[in-house]
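A quick write-up on the structure given underneath.
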Amino acid sequence: MTAADAKLTAFVRTKGRVRRPATIAVLCGLSAALLLTVLLAATVGAAGIPLSRLPAALGLSAADPGNSFAARDQLILWSIRIPRIAIAAMIGGMLGAAGAIMQGLFRNPLADPALVGVSSGGAFAAAGAIVISDSRFAHYVAFLQPFLLPLAAFIGSLLTTIILYRISSRSGRTSIALFLLAGIAIAAIANAGIGLLVFIADDRQLRDITFWLLGSLSGATWSKAATIAPMLALGLIGMLFTSRGLDVLILGESEAFHSGVDVERLKRICIVLVSVMTGAAVSVCGVIGFVGIVVPHLLRLMIGPGHRLLLPASVGLGASLLVGADTLARTIVAPAEMPIGILTAAVGAPIFLLILLRQRGLVGL
Amino acid sequence: MADTPVLIASGISLTIGQATLLNHVDLAIMSGEMIAIVGPNGAGKSTLLRLLSADLRASRGAITLKGRDLHSWSPAELAMRRAMLSQHVSVSFPFTVEEVVQMGRGNLPLASAQSLVDAAIDEVGLGDFRHRELPTLSGGEQQRAHFARILVQLACGEAAHGPGILLLDEPTSSLDLRHQIELVEISRQRARSGTAVIAVLHDLNLAVRFADRIIVMRSGAVAAEGTPSETITSDVIRRVFDIDVAVARTDDGAPYLLPQMMQQIATSTSVTG
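Chains as they are written, first to last, in our numbering: chain A, 1 to 365; chain B, 1001 to 1273.
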């Protein structure tokens, strides 16, 4: 061994040692971050509620007699701001988790429900549901209200995910290039479908579709929150059964099978979970991109790729991120509101490019 | 259990479309036995191993593991009784060596498997690399990490259900000489405690050192089978690999190939003729 070789060996030995933070520290940190963003989101807005008036507005303490804002604060907080925060947190959590599960399923850190057309597929189906529920066929679907939109978005997302998986996987291996390109094509088809629906929609339907497609959370209500809460619960429960399997699946489908994972069952669960959570998010606020790619990527850098911690952490960070982004969206151009999709894309797209550049060799495009 | 084979394959064939990848292969392995499968590229060695691991399903014939049809075991039950190291495993996410080896424990809680994980990492000599991310390691180091993962899986299964089988698909393809020998020794140690080991190997000298029995394959069928002395002969090698080779004997009678004496048959006939 030459001196240069010895130097290289020594360098290689000390380089790249990874220390993972303790699980409990990660979960505490993420909870604290979520709590802080929620507090911030509750106090900031077109009508500000300073921190000192928050307990009274929440009904936690008796209102200060000199506080003439108490009634107004309470109304804003309970009927506008809290449902909105709750929905933002739930959607952020679901998008983060859906991204993490999808990346595990496709063994590919570039997978994101919005990027590869899964959200568009859901949006297409949901837009279709808006048109149908306002047409002469309305009475056929009336019994499904208020679940019509989430259900349609779920079915659209599910079909898209299945098609995508069929196209890009062959004998247990997933081609990353094929996957991304197929995703672009599927997104294009879904967007063409949405365009067609916009074209044939009458004025009222058009307003509904457009308003919803903009991806704003301004229409948040308690009933919408109640509609998607069960889907989040389903996602959280489902995660418990997928984390070990997803870890081993990263090694390949054969290896996962060899180490005792029922691969077909795992894939079915993952596809349903991704579709339920993406569909729920899409049904409330249209297509919000990049949360699913940014959140798991940042987390993998900090806590590693193990899904047992990555999945719940993605829910936590996704929730904080979207609550924060929504707060920004409704204050940055106040009194107007910026569509939240613009914000997440502005932050997410550069991060996506960064991952792409780092993985250039791996992707083999 | 000592008298009945752990794994029996009877008359298995695999046909995909027009191509017959495997044609009527019989194989039985006893507990504690070590079998090497050798043969030229495309002879069906990996296909045979994938059939034995239940990865693929035979078009004809049957395989039984511990007296039960191979495909009647659930994936989880199967994983507790056979461990398989595949040829190429690529990991695109930054799992550390330790995390990858821990994956071998299956559904066991981490606390009860950690000592097995530590032992396996030390056994394959990756102690220094325990906290390194797998994608940053060399091909050989990655291969050893996966071998350690398989050892953990085997140990967890054997602790619960007794000796299992260990299937290795070209486990030494990226390893240097020392680690090739080490891998063979580790496998032999497992065989001594009852594990049945089947390995696809390219290096015939390593196969001789490795195996109690060698199966030589060609064109999807078994061309020769027996002890190293019976199978590694210049006659068999000429027939199967189309090369002339000098086979010498070590002091204890084991055959070994002299690479410098190898010649393609076509060349040698033109010289002699």
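Quick reminder that beta carbons are idealized off the backbone N, C-alpha and C, glycines included. The structure displayed is predicted, hence computed values, not measured ones.
For residue i, which residues in the same chain have their Cβ closer than 6 Å to its Cβ, ignoring the five residues on either side in sequence?
| i | result |
| --- | --- |
| A:Ala187 | Gly117, Ser120 |
| A:Val261 | Gly245, Val248 |
| A:Met239 | Leu311 |
| B:Ala1043 | Met1217, Arg1218 |
| B:Ala1207 | Ala1036, Val1038, Leu1201, Ile1214 |
| B:Ser1031 | Met1001, Val1006, Pro1163, Gly1194, Ala1196 |
| A:Ser157 | Val118, Gly121, Gly122, Ser275, Thr278, Gly279 |
| A:Ala220 | Pro83, Arg84, Ile87 |
CA-CA distance, residue i and residue j?
| i | j | result |
| --- | --- | --- |
| B:Pro1228 | B:His1131 | 40 Å |
| B:Phe1221 | B:Ala1036 | The sequence given here places Ala at residue 1221 of chain B; Phe does not occur at that position. Approximately 15 Å, taken between the alpha carbons. |
| A:Asp208 | A:Ser243 | 38 Å |
| B:Thr1231 | A:Ala114 | 59 Å |
| A:Gly99 | A:Val274 | 8 Å |
| A:Val291 | A:Thr227 | 21 Å |
| B:Ala1211 | B:Leu1056 | 25 Å |
| A:Gly348 | A:Ala88 | 17 Å |
| A:Ala86 | A:Leu60 | 18 Å |
| A:Leu30 | B:Arg1149 | 32 Å |
| A:Gly93 | B:Glu1185 | 49 Å |
| B:Tyr1256 | B:Ser1138 | 30 Å |
| B:Phe1095 | B:Pro1075 | 24 Å |
| A:Gly364 | A:Ile76 | Any reading at A:Gly364 must be qualified, since the residue scores a pLDDT of 44, below 50, and its modelled position is unreliable; no value is offered. |
| B:Val1271 | B:Leu1167 | Interpretation of B:Val1271 is limited by its pLDDT of 41, a score under 50 that renders its predicted location unreliable; the figure taken from the coordinates is listed afterwards. Looking at the two C-alpha atoms, the distance is approximately 42 Å. |
| A:Ser68 | A:Leu95 | 40 Å |
| A:Val213 | B:Gln1153 | One point to set straight first is that residue 213 of chain A is Leu, not Val, in the sequence displayed. Computed Cα separation, rounded: 49 Å. |
| B:Thr1269 | B:Ser1234 | Any reading at B:Thr1269 must be qualified, since the residue scores a pLDDT of 45, below 50, and its modelled position is unreliable; no value is offered. |
| B:Asp1203 | B:Glu1182 | 15 Å |
Looking at the secondary structure, which residues open and close the alpha helix (DSSP H) in which residue i lies?
| i | result |
| --- | --- |
| B:Arg1209 | 1204-1210 |
| A:Met94 | 82-105 |
| B:Asp1118 | 1110-1123 |
| A:Met231 | 222-249 |
| A:Ala127 | 118-133 |
| A:Val18 | A:Val18 -> no alpha helix (DSSP H), and no H or E assigned at all. |
| A:Thr37 | 23-43 |
| A:Ala315 | First, the residue type needs correcting, since residue 315 of chain A is Val and not Ala in the sequence shown. Here the alpha helix (DSSP H) through A:Val315 covers 307-331. |
| B:Val1097 | 1097-1102 |
| B:Thr1172 | Careful: B:Thr1172 lies outside any alpha helix (DSSP H) and carries neither H nor E. |
Strictly below 7 Å CB to CB, what residues from chain B border residue i?
| i | result |
| --- | --- |
| A:Val282 | None at all; the shortest Cβ gap to chain B is about 27 Å. |
| A:Asp202 | The premise fails here: A:Asp202 is roughly 48 Å from chain B at the closest Cβ pair, so nothing lies under 7 Å. |
| A:Asp247 | Met1103 |
Run through chain B and tell me which residues come within less than 8 Å of residue i, C-beta to C-beta.
| i | result |
| --- | --- |
| A:Pro109 | Ser1092, Phe1093 |
Would you kindly report the start and end of the unbroken beta strand (DSSP E) that includes residue i?
| i | result |
| --- | --- |
| B:Asp1026 | 1019-1029 |
| B:Asp1244 | 1243-1249 |
| B:Asp1169 | 1165-1169 |
| B:Arg1213 | 1213-1218 |
| A:Val287 | Counting along the chain, A:Val287 falls outside any beta strand (DSSP E), and DSSP gives it neither H nor E. |
| B:Val979 | Because chain B spans 1001 through 1273 in this model, residue 979 of chain B falls outside it and cannot be assessed. |
| B:Gly1061 | 1060-1065 |
| B:Ala1036 | 1034-1038 |
| B:Thr1015 | 1007-1016 |
| B:Arg1082 | 1082-1085 |
| B:Ala1199 | 1196-1200 |
By Cβ distance below 8 Å, which residues in the same chain neighbour residue i in space, the five residues on each side in sequence not counted?
| i | result |
| --- | --- |
| A:Val204 | This sequence places Arg at residue 204 of chain A; Val is not what is there. Excluding positions up to five away in sequence, the list reads Asp134. |
| B:Ala1160 | Met1080 |
Quick one: which chain A residues come within Cβ less than 7 Å of residue i?
| i | result |
| --- | --- |
| B:Gln1354 | Residue 1354 of chain B lies beyond the range of chain B shown here (1001 to 1273); nothing can be said about it. |
| B:Gly1104 | Ser259 |
| B:Glu1182 | Near B:Glu1182 there are no residues of chain A at all, since even the closest Cβ is about 19 Å away, more than 7 Å. |
Along chain B, in chain order, which residues have C-beta atoms closer than 9 Å to that of residue i?
| i | result |
| --- | --- |
| A:Asp326 | None at all; the shortest Cβ gap to chain B is about 30 Å. |
So which residues on chain A does residue i lean against when the C-beta distance must stay under 8 Å?
| i | result |
| --- | --- |
| B:Glu1225 | Neighbours of B:Glu1225 on chain A: none; closest Cβ ~26 Å, over 8 Å. |
| B:Glu1170 | In chain order: nothing, as chain A lies at least about 14 Å away. |
Give me, in chain order, the residues of the same chain whose beta-carbon lies closer than 7 Å to that of residue i; leave out the 5 immediate sequence neighbours on both sides.
| i | result |
| --- | --- |
| A:Thr331 | Val44, Gly45 |
| B:Ala1054 | Leu1070, His1071, Leu1078 |
| B:Gly1253 | Ser1229 |
Give the residues of chain A in contact with residue i, contact being defined as C-beta atoms less than 9 Å apart.
| i | result |
| --- | --- |
| B:Ser1053 | Ser254, Phe257, His258 |
| B:Glu1230 | Going along chain A, no residue has its Cβ under 9 Å from B:Glu1230, so there is no contact; the nearest lies around 32 Å. |
Distance cutoff 8 Å, beta carbons only. Does residue i sit that close to anything in chain E?
| i | result |
| --- | --- |
| B:Glu1099 | Of the chains in the structure shown, none is chain E; the protein chains are A and B. |
(request) Please name the residues in the region 249-261 of chain A whose beta-carbon is closer than 9 Å to at least one beta-carbon of chain B, in chain order. (result) Ile250, Leu251, Gly252, Ser254, Glu255, Ala256, Phe257, His258, Ser259, Gly260, Val261
(request) Quick one: which residues of the region 1062-1095 of chain B get their C-beta closer than 9 Å to a C-beta of chain A? List them in chain order. (result) Ser1074, Pro1075, Ala1076, Glu1077, Leu1078, Ala1079, Met1080, Arg1082, Ala1083, Met1084, Leu1085, Ser1086, His1088, Val1089, Ser1090, Val1091, Ser1092, Phe1093, Pro1094, Phe1095
(request) For the region 300-324 of chain A, enumerate the residues whose C-beta is nearer than 8 Å to any C-beta of chain B, in chain order. (result) Arg300, Gly304, Pro305, Gly306
(request) Compile a chain-ordered list of the residues in the region 66-92 of chain A whose CB is closer than 9 Å to at least one CB of chain B. (result) none
(message) Which residues of the region 16-42 of chain A have a Cβ closer than 9 Å to any Cβ of chain B? Give them in chain order.
(response) Gly16, Arg17, Val18, Arg19, Arg20
(request) Would you list, in chain order, the members of the region 1131-1157 of chain B that have their beta-carbon closer than 7 Å to a beta-carbon of chain A? (result) His1131, Arg1132, Glu1133, Thr1136, Gln1153
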